[in-house]
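Heads up, the thing below is written out as C-alpha cells.
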Amino acid sequence: MSYPPDPNNPYGQQPPQQPGYGYPQQAPPPAGYGYPQQGQPQQPYGYPQQVPPQANYGYPQPPGTIQANNGYINIANVGTVRLATMGQRFLARLLDSLVTSVIVGIALFGGLAGVIGLADKTRQDCTGYDFASQAWSDCMDQNTQQDTNIGLAFFGLIAIVAVFGLLYEWLLVGLAGATIGKMAMGLRVVREADGQNPGVGGGFIRFIIPMVGYMVCGIGMLLVYLSPFFDNSGKLQGWQDRAAGTLVIKK
C-alpha cells in the first residue's frame, strides 16, 4: 500500500530536475538559422546567398573553342571569329583558278609566239641545196638545232608556269595570309595557335599536300580540297590545314 509523499518530509521528495537531466539536450541552432545573429550580416531566410555575376561571364573561352558549332571560334590574340564556309572557300578557289589561268595563258602565248617567231627568222630553207652536199647537211643540222631550242624554250615556259603557281599559292598564303581569290572573298588563312599568318613553312605545307595528292592519285587533289567536309571538330580543317595547323576564317 503506497502513500502520497509528505510535503514536509525532505527525504521523501524527489530532487528537482535540472535542465537537460533525463532528456537529450538539444544543440543550439546554427548561426543564422531562422533569425539573424548579432554582429553577422543578415541573409534572406530559406534562400542561399547568390554570388554576383562576373563581368563577361563565360569569357574568355580557351583558344580553339567552337561555340556551339555555330561557325564561330575563339583564337588567341584575335578573339572570336567566324570560320569560312565551304561555299566561300570554293568561290575563292575558283577566282584563283581564273587569275592563274589568265596569267599563265598570257605568259605561254607570249613566250611561245616569241620563240617560234625567232626560230622562223633563223630557220633556213634547205630546198636549194643538193641533197648529197655538205651545205644541205649543215642546213639541216642548223634547223634541227632550232627545233631543239624551241622544245627547250617550251619546257622552260612550263617550268616558269609551275614556279609561278608555287609562289602564288605558297608565298601569298604564307606571308600575306590570302591569295587574290581569298582577298576578294574576305577570307584569311591563320595559324590556329596564335592567329598569325602561316609563314613560309606553313604556306608550303598547305601548298605541297594537294600537289602530292595530285601526283600520287589523279583525284588526290580533289580529295584534299574536299577533306574539310570530313572534319568532325567543326573547324572545317582540311588535311592540309591540319598538317600546317591553320584555319580559314572570314575577316
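For what it's worth, the numbering used here labels the leading residue of the sequence shown as 10, then goes sequentially.
Beta carbons are placed, not taken as given, at the ideal position from N, Cα and C, and that holds for glycine.
- In terms of Cα proximity to L100, the closest of F216, I218 and G195 is G195.
- Residue nearest to E201 within the set D250, G123, K260 and L121 is D250 (criterion: CA-CA distance).
- By the C-beta criterion, the segment 211-227 is judged to be in contact with the segment 168-180, since at least 3 inter-stretch pairs fall below 8 Å.
- Taking the Cα positions, L232 is about 8 Å away from G222.
- With contacts defined by Cβ atoms closer than 9 Å, G204 and V87 form a contacting pair.
- In the DSSP assignment, L92 falls within the beta strand (DSSP E) that extends over G88 to L92.
- The Cβ neighbour count for D105, taken over all protein chains shown within 10 Å, is at least 16; the residue is labelled buried.
- The closest CA to that of A162, considering only L184, K191, G120 and R197, is found on G120.
- The beta carbons of V209 and G190 sit about 20 Å from each other, so the pair does not count as a contact at 8 Å.
- The Cβ atoms of R91 and I258 lie closer than 9 Å to each other.
- Where I258 is concerned, the enclosing beta strand (DSSP E) starts and stops at T255 to K259.
- An exposed status is given to S142, since fewer than 16 other beta-carbon atoms sit within 10 Å of its beta-carbon.
- In this structure, K244 keeps its C-beta atom at 9 Å or more from the C-beta atom of L235.
- V198: member of the beta strand (DSSP E) spanning L196 to R200, first to last residue.
- For a cut-off of 8 Å, the C-beta gap from F238 to M95 is around 7 Å, short enough to register as a contact.
- I82: member of the beta strand (DSSP E) spanning Y81 to I84, first to last residue.
- The shortest CA-to-CA distance from V170 to any of Q154, N241, F118 and T188 is the one to F118.
- Between the alpha carbons of L166 and T188 lies a gap of roughly 23 Å.
- In this structure, A116 lies near F173, with their beta-carbon atoms less than 9 Å apart.
- The beta carbon of V225 is closer than 7 Å to none in its chain, skipping five residues each way along the sequence.
- Distance between S146 and V111, taken at the CA atoms: about 43 Å.
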